[in-house]
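Numbering (the working numbering), first residue to last: 3 to 187. The beta carbon of each residue, even a glycine, is placed where N, CA and C say it ideally should be. Contents: one structure, followed by commentary.
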């Protein structure tokens with residue numbers, strides 16, 4: 003059991019028969035009255051977001067979420083095909099479930115497939131990926147202004163902002179949670 007006073011981002015709980023993941027939380031101590039916890043919760047099954055407030059002493063059961071490491075094999079039409087590297091069993095997921103997470107994932111990368119009671123609800127890409135720049139404007143000598151960026155396309159087709167010194171063919175490290183350039187590899 004998890005009390006509302008112990009809520010943290012990413013914690014998954016069962017509330018009223020629904021599996022909800024905490025997106026945001028805030029402990030509020032008003033000048034008058036009792037403290038409370040204001041939260042923004044995402045339903046992991048259907049993706050809906052709700053805002054609720056709780057007393058810090060309310061308790062909820064933790065939801066058991068299974069996260070299985072799987073290798074992304076290929077895209078089949080609108081579906082994504084993954085393989086469990088232990089059992090070699092293949093799983094096909096529709097693009098509604100996986101498309102957002104697959105922005106920076108290329109073939110043969112490892113991902114975590116998240117499921118609740120055997121029902122897959124999301125795909126977690128690796129936190130950091132190394133991708134090659136496939137298209138960007140060329141950098142010029144002297145372009146060293148701090149913080150200046152230009153648009154670039156990586157090998158998966160995603161658009162990111164990179165520093166002016168990055169050129170076509172360079173490998174860069176990207177944070178998949180934010181889509182930000184981290185460094186040149």
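If you draw a straight line from the alpha carbon of residue 168 to that of residue 154, how long is it in whole angstroms?
Residue 168 and residue 154 have their C-alpha atoms roughly 9 Å apart.
Alpha helix (DSSP H) runs wholly inside the region 68 to 107, at least 4 long, in chain order:
Fully enclosed alpha helix (DSSP H) runs of 4 or longer: 97 to 100.
What does the Cβ neighbour count give for residue 127, buried or exposed, with the cut at 16 atoms within 10 Å?
Residue burial annotation: residue 127 is buried, with at least 16 other C-beta atoms found within 10 angstroms of its C-beta.
Under a Cβ-count criterion, where at least 16 other Cβ atoms within 10 Å of its own Cβ denotes burial, should residue 72 be classed as buried or exposed?
By the 10 Å Cβ count, residue 72 comes out buried.
Strand pairing of residue 15, partner residues [DSSP]
22, 64.
Straight-line CA distance for residue 108 to residue 32?
Rounded to whole angstroms, residue 108 to residue 32 spans 48 Å at the Cα level.
In or out: residue 28 buried (at least 16 other Cβ within 10 Å) or exposed?
With fewer than 16 other Cβ atoms inside 10 Å of its own Cβ, residue 28 counts as exposed.
DSSP puts residue 38 in a beta bridge; with which residues?
30, per the DSSP bridge assignment.
Judging by CA-CA distance, which residue of 52, 123, 44, 39 is the nearest neighbour of residue 61?
Relative to the Cα of residue 61, the nearest Cα in the group 52, 123, 44, 39 belongs to 39.
Stretch pair the region 77 to 96 + the region 39 to 49: three plus CB contacts closer than 8 Å:
These segments do not touch.
On a CA-only basis, which of 112, 117, 89 is nearest residue 99? Give me that one, please.
Per the Cα distances, 117.
Roughly how far, in whole angstroms, is the beta-carbon of residue 30 from the beta-carbon of residue 37, given that I think they are within contact range, below 8 Å?
The C-beta distance from residue 30 to residue 37 rounds to 6 Å, short enough to fall under 8 Å.
Residue 6 in three-state terms, based on DSSP:
Correct three-state label for residue 6: helix.
Exposed unless 16 or more other CB atoms sit within 10 angstroms - verdict on residue 121:
Label assigned to residue 121: exposed.
When the Cα of residue 140 is compared with those of 160, 129, 165, which residue comes out closest?
Per the Cα distances, 165.
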